[in-house]
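Report on one structure; see the data block that follows.
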Amino acid sequence: MSYLNKLTVRDLDVENKKVLLRCDFNVPLDNKHNITDAKRIDEALKTIEYLREKNAKIIICSHLGKPKGEYRKEFSLKPVAQYLSNKLGQEVKLSEDVVGDSAKKMISELNPSEVCMLENLRFEVGETSNDEEFSKKLASLADIYVNDAFGTCHRSHASTVGVTKFLPSAYGFLIEKEILALSKLLDNPSRPFVAILGGAKVSDKIDVISSLLEKVDVLMVGGGMSYTFTNALGYAVGDSICESDKIIFAKDMMAKAKERDVKFLLPVDLKVGKEYKKDTEFKITDADKIPEGWMGLDIGPKTIRQFKEAISQAKTVFWNGPMGVFEWDNFIEGTFEVGKAIAESGAMSVIGGGDSAAAMEKLGLAGKMTHVSTGGGASLEFLCGKSLPAIEALQDR
Ligand code: ADP
Ligand code: MG
0 MSYLNKLTVR DLDVENKKVL LRCDFNVPLD NKHNITDAKR IDEALKTIEY
50 LREKNAKIII CSHLGKPKGE YRKEFSLKPV AQYLSNKLGQ EVKLSEDVVG
100 DSAKKMISEL NPSEVCMLEN LRFEVGETSN DEEFSKKLAS LADIYVNDAF
150 GTCHRSHAST VGVTKFLPSA YGFLIEKEIL ALSKLLDNPS RPFVAILGGA
200 KVSDKIDVIS SLLEKVDVLM VGGGMSYTFT NALGYAVGDS ICESDKIIFA
250 KDMMAKAKER DVKFLLPVDL KVGKEYKKDT EFKITDADKI PEGWMGLDIG
300 PKTIRQFKEA ISQAKTVFWN GPMGVFEWDN FIEGTFEVGK AIAESGAMSV
350 IGGGDSAAAM EKLGLAGKMT HVSTGGGASL EFLCGKSLPA IEALQDR
């Protein structure tokens, strides 16, 4: 599914038209409501700039956090509107409601090439329930709908699916970029194709593991999810996170790898800690001999060497999930070394997953990857061959 059959923003005549632009501005905020990572906003600028150049009247909508259908000040999009105003060098007004009088008045005063924003979509209950009435109200604010919120494309909400029933619709440049990069992994990837999986849990990534095994030549598993696999091999895992109800699944996956001739790499050594704490005491052990009372928090030096060796031969790399608790300096090395190896491999590289993207930013490696997806769940579902309802709903060519 490449979605090249769908209209893009280039295909629509937006001159002087009111364009409802769905963005994913669900950015992290600190306790003083300052944006701590504005990547998602910056990534959407291309479509906004394009619409400005084409003299559209731009009405941006987004969700932020989970306010559960009621107005809550701490979930206001005010910090985003302020950030955008600075970036665009033009005031970006924010309405007090989502589809009420304040929004209507703001839009009626909007001139071509100006940008305004609706308050948090999730202040309305109808948003996440994909309510028809709410979708209609949202659509009535504009002439055209453009979706550029890749991170929410796997959800059927009023602002992603419902609204498309009532307006001409297309996707923006960010979604286009995501689709093109992710499609390269599905359609004829250069080989060897190496996938690296990590992160916290097997249960979050069941479908991903299974469907990657049908596509790749090498699958390496590190991070928290590796202990369920090593436990399935009979290794002691101490206090490491391990999902006992997924042991059978882990065995099945290793059998599937063997059947399909996929090289399946697990850690051979680890950096283990005494407690799940930033400054905990730590040491290196073999992966099959984690002492009782210790837990694996990063991959060890031998594993790093093995993983790097496999990555250096890759022509295509997909990576989801950090190799350890990268948030803590003592356990960041595995993630850093794997990231550097990908950057140096010259392979076409795609990073998916929110924490994985954050790790790449933190380590200064994001710019060295071919593509860092802005959509965690959406990019994984796309890779598994599932359809993305919000893209599916857009107008065909
Ligand atoms: P993504 O958001 O990229 O899909 P996940 O959410 O699956 O990634 O996993 C990220 C989290 O996994 C990080 O917060 C990291 O601290 C955690 N993690 C990685 N390795 C371990 C481990 N060995 N033990 C506990 N947590 C881990
Ligand atoms: Mg995550």
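0 is the number of the first residue of the sequence shown in numbering that gives the first Met the number 0; add one for each residue after it. For every residue, glycine included, the Cβ atom is placed at its ideal position computed from N, Cα and C. Bear in mind that the values here come from a model prediction, so they are computed numbers and not experimental data.
Pairwise C-alpha distance: residue j and residue i
i: residue 222; j: residue 94; result: 43 Å
i: residue 381; j: residue 375; result: 10 Å
i: residue 119; j: residue 22; result: 11 Å
i: residue 386; j: residue 270; result: 39 Å
i: residue 370; j: residue 395; result: 26 Å
i: residue 252; j: residue 212; result: 8 Å
i: residue 267; j: residue 290; result: 15 Å
i: residue 241; j: residue 294; result: 10 Å
i: residue 25; j: residue 152; result: 13 Å
i: residue 150; j: residue 183; result: 19 Å
i: residue 343; j: residue 311; result: 8 Å
i: residue 165; j: residue 205; result: 36 Å
i: residue 365; j: residue 307; result: 18 Å
i: residue 326; j: residue 135; result: 43 Å
i: residue 37; j: residue 111; result: 26 Å
i: residue 108; j: residue 377; result: 35 Å
i: residue 279; j: residue 238; result: 14 Å
i: residue 32; j: residue 91; result: 18 Å
i: residue 100; j: residue 379; result: 39 Å
i: residue 157; j: residue 81; result: 25 Å
i: residue 255; j: residue 162; result: 42 Å
Test item: CB-CB of residue i and residue j under 8 Å
i: residue 334; j: residue 358; result: yes
i: residue 297; j: residue 316; result: no
i: residue 210; j: residue 384; result: yes
i: residue 195; j: residue 167; result: no
i: residue 98; j: residue 137; result: yes
i: residue 140; j: residue 19; result: yes
i: residue 235; j: residue 6; result: no
i: residue 246; j: residue 227; result: yes
i: residue 313; j: residue 286; result: no
i: residue 47; j: residue 57; result: yes
i: residue 178; j: residue 1; result: yes
i: residue 389; j: residue 154; result: yes
i: residue 263; j: residue 329; result: no
i: residue 368; j: residue 331; result: no
Where residue i falls: helix, strand or coil (DSSP)
i: residue 369; result: coil
i: residue 199; result: coil
i: residue 295; result: strand
i: residue 229; result: helix
i: residue 8; result: helix
i: residue 165; result: coil
i: residue 192; result: strand
i: residue 386; result: coil
i: residue 210; result: helix
i: residue 342; result: helix
i: residue 15; result: coil
i: residue 185; result: helix
i: residue 240; result: coil
i: residue 348; result: strand
i: residue 235; result: strand
i: residue 179; result: helix
i: residue 331; result: coil
Assumed close pair residue i, residue j - CB separation to whole angstroms, cut-off 8 Å
i: residue 172; j: residue 147; result: 7 Å
i: residue 124; j: residue 87; result: Contact flag wrong, Cβ pair sits at about 31 Å.
i: residue 321; j: residue 198; result: 6 Å
i: residue 181; j: residue 116; result: Contact flag wrong, Cβ pair sits at about 28 Å.
Residue i CB to nearest heavy atom of the ligand MN below 7 Å
i: residue 328; result: No copy of the ligand MN occurs in the structure displayed; its ligands are the ligand ADP and the ligand MG alone.
Within the region 46-128, note down every full beta strand (DSSP E) run reaching 3 residues or more, in order along the chain.
Restricting attention to beta strand (DSSP E) runs no shorter than 3 residues, the region 46-128 encloses them at 56-60, 114-116, ordered along the chain.
Ranges of the alpha helix (DSSP H) found wholly within the region 247-323, counting only runs of at least 4
300-311, all fully within the region 247-323.
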